[in-house]
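Asker: Here it is, the structure in full.
Numbering (full-length UniProt numbering), first residue to last: 1 to 559.
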């Protein structure tokens, strides 16, 4: 592996300015590694870096004076830069996750893609000398940006790309999307006795989501939609997904599975499936095939509209939004004749958590802005340092994946060289009581110790000083030896976690929040006979390395 050195690499960024703070960081970092920032395209440019993942090649083409993407330089998403910086070496450019949307059309050497309405035969060379991309503003930095095109040898210029490869994790993600790895629900997700997975399920209930088992792998739909949006059947798949979720809420176990299998079939298609005949030809049952034809031909979906407007379905959804109330509880309340939260609160036999869930229903349903997540975490971190300067915190979940808002606040608590018992004692005996007295923490919803003492959690609610809005907050106590595996597990997303665990299983290994293990023996029904041999638990990057796949930055895990 080559040491990370971008000397002689000249990059044009799309958009090619540093007005945005994120763009400024990317450009400065590239320059610190020796790259040049070209403020206009020229022959020495080796890389075209697209800094917005939702831009496709037709939009990128509009950034160039010729309205075409020039041939020669390699066209990449900014993820390539991120991975180079994180890995410390030049990463191969041909992985699919680095490719710009629609770049299949320009894989052939020498071919360029034109923006809509532009003659593809337009002369690129003639426009390079007198036209340029927008010139970037000078950043507020001591780093002197080298904007001119370099004249040195282009030793790092990539070769023309052939077929775009997928790494094993990309393939595992597709396999899981199509229904593989269903056995992961039972054993590979957590502790042996099921207590931990039950807490995870309770947390899913608290956020108004159907647990994975009940949803027939609802985790498969927890993605940002970017990959699916490239599929010509994306709109159809989205509507079928909504229909499957609707059936989930009614407690149906079989129809959601049929819908998700149909979605898996559509995901494999490169052409739009228009008719029921076409749908049946790819293995989709007659009933769903007819629904697909209706969606494509009319733009409507009567079955979903009926289900969406069904009062019972709306009530189930409402009740499942109560913290501590899953689908079974929601159905029970409906069977008892309750139709609104006020009736449930006044008449149903509720536990303490469910009462809190109703009292603060609106608070818990709100998304939490990223800046507010950071304010909550800052208060917790101050309390950690007061208890022991070595206690540390990482915000996990969707925040770590770069989301602009979160459903709750996951605080991963750890200490260098410390075990779980010491961390738990500091938290439960000192930090948490102190935050309760301070008024920051409002209520404890769950405080778990597990039979093997490998992990602990504390679930509750918090509020910023002067605010009446309660937020869901979780403290996840992690021993130092397991930090890397825990970071993977508590960062998500769900589909990414299921996929990387599935990949580990294919390689005769086992991955959970405690570590990556080999030599795991199983008996009948996949009953685990032994724990296996620990390969790695502390180092997140090392786990990826052992699995034989490039490290994925947290923001790359919104698959």
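Where a beta carbon is used, it is the ideal one built from N, C-alpha and C, also for glycine. Predicted, not measured: the structure shown is a model, and the values here were computed from it.
Kindly provide the ranges of any beta strand (DSSP E) runs that are 3 or more residues long and lie completely inside the stretch 496-521, ordered along the chain.
Answerer: 509-512, 515-518
Asker: Please state whether DSSP places residue 64 in a helix, a strand or coil.
Answerer: coil
Asker: Might you give, ordered along the chain, the residues of its own chain that have their beta carbon closer than 6 Å to the beta carbon of residue 398, omitting 5 neighbours on each side?
Answerer: 406
Asker: What is the rounded straight-line gap between the Cα of residue 476 and the Cα of residue 238?
Answerer: When rounded, the distance between both Cα atoms is 33 Å.
Asker: Between residue 486 and residue 412, how many whole angstroms is the CB-CB distance? I'm expecting something under 8 Å.
Answerer: Going by Cβ atoms, the distance from residue 486 to residue 412 rounds to 6 Å, so yes, they are a contact pair.
Asker: Grouping DSSP H, G and I as helix and E and B as strand, with all else coil, what is residue 470?
Answerer: Look at residue 470 here: in three-state DSSP terms it is coil, with no helix or strand label.
Asker: May I have a chain-ordered list of the alpha helix (DSSP H) segments no shorter than 4 residues that lie completely inside the stretch 241-292?
Answerer: 254-267, 276-281
Asker: Would you mind giving the Cβ-Cβ distance between residue 478 and residue 414, rounded to the nearest angstrom? I have them listed as a contact below 8 Å.
Answerer: Their Cβ separation, rounded to whole angstroms, is 5 Å, which keeps residue 478 and residue 414 in contact under 8 Å.
Asker: Opposite residue 446 in the DSSP bridges: which residues?
Answerer: 459
Asker: Would you mind working out which of 58, 543, 72, 54 sits nearest residue 45, comparing C-alpha positions?
Answerer: 72
Asker: Just to check my reading of the structure: residue 167 and residue 549 have Cβ atoms closer than 8 Å, yes? What is that Cβ distance to the nearest angstrom?
Answerer: 5 Å
Asker: Between which two residues does the beta strand (DSSP E) holding residue 50 run?
Answerer: Where residue 50 is concerned, the enclosing beta strand (DSSP E) stretches over 47-50.
Asker: Keeping to the same chain, check which residues put their C-beta closer than 6 Å to that of residue 444; ignore five residues upstream and five downstream.
Answerer: 460
Asker: With residue 324 and residue 351 assumed to form a contact (beta carbons below 8 Å), what rounded beta-carbon distance in angstroms separates them?
Answerer: 7 Å
Asker: Taking the alpha-carbon of residue 559 as reference, which of 242, 463, 500 has the nearest alpha-carbon?
Answerer: 500
Asker: Work out the CA separation of residue 520 and residue 304 for me, nearest whole Å.
Answerer: 44 Å
Asker: Within this structure, are the beta carbons of residue 490 and residue 539 separated by less than 8 Å?
Answerer: No, the pair does not count as a contact, with Cβ atoms beyond the cut-off.
Asker: With H, G and I counted as helix, E and B as strand and the rest as coil, what does DSSP make of residue 84?
Answerer: helix
Asker: Is it true that the CB of residue 102 sits closer than 8 Å to the CB of residue 57?
Answerer: Yes, the pair counts as a contact, with Cβ atoms nearer than the cut-off.
Asker: Per the DSSP calculation, residue 411 is bridged to which residue(s)?
Answerer: 395, 475
Asker: Three-state secondary structure (DSSP) at residue 559?
Answerer: coil
Asker: Cutting at 6 Å between CB atoms, please list the residues of its own chain near residue 309, excluding the five before and the five after it.
Answerer: Residues of the same chain with a CB within less than 6 Å of the CB of residue 309, apart from the 5 flanking positions on each side, do not exist.
Asker: Does the Cβ-Cβ distance between residue 516 and residue 543 come in under 8 Å?
Answerer: yes
Asker: Taking the continuous beta strand (DSSP E) assigned at residue 482, which residues delimit it?
Answerer: Careful: residue 482 lies outside any beta strand (DSSP E) and carries neither H nor E.
Asker: Reducing DSSP to helix, strand and coil, say where residue 549 ends up.
Answerer: Three-state result, residue 549: coil.
Asker: Under a Cβ-count criterion, where at least 16 other Cβ atoms within 10 Å of its own Cβ denotes burial, should residue 253 be classed as buried or exposed?
Answerer: Around the CB of residue 253, fewer than 16 other CB atoms lie within 10 Å, so the residue is classed as exposed.
Asker: Can you give the Cα-Cα distance for residue 38 and residue 55, rounded to whole angstroms?
Answerer: 20 Å
Asker: From 547, 530, 430, 416, pick the residue whose C-alpha is nearest to that of residue 536; which is it?
Answerer: 547
Asker: Using alpha carbons as the reference points, say which of 271, 270, 279, 275 lies closest to residue 261.
Answerer: Put simply, of 271, 270, 279, 275 the residue whose alpha carbon is nearest the alpha carbon of residue 261 is 279.
Asker: Need the endpoints of the beta strand (DSSP E) that residue 373 sits in, please.
Answerer: Not the beta strand (DSSP E): residue 373 falls in the alpha helix (DSSP H), residues 370-387.
Asker: Using CA coordinates, which residue listed in 341, 531, 527, 457 is at the minimum distance from residue 509?
Answerer: 531
Asker: Assign residue 403 to one of three DSSP states: helix, strand, or coil.
Answerer: Note: residue 403 maps to coil in three-state DSSP.
Asker: With DSSP as the reference, label residue 364 as helix, strand or coil.
Answerer: Helix at residue 364.
Asker: Is the beta carbon of residue 288 less than 8 Å from the beta carbon of residue 258?
Answerer: Taking 8 Å as the Cβ cut-off, residue 288 and residue 258 qualify as a contacting pair.
Asker: Check this for me: beta carbons of residue 394 and residue 373, under 8 Å apart or not?
Answerer: no
Asker: Using the C-alpha atoms, what's the distance from residue 339 back to residue 482?
Answerer: 45 Å
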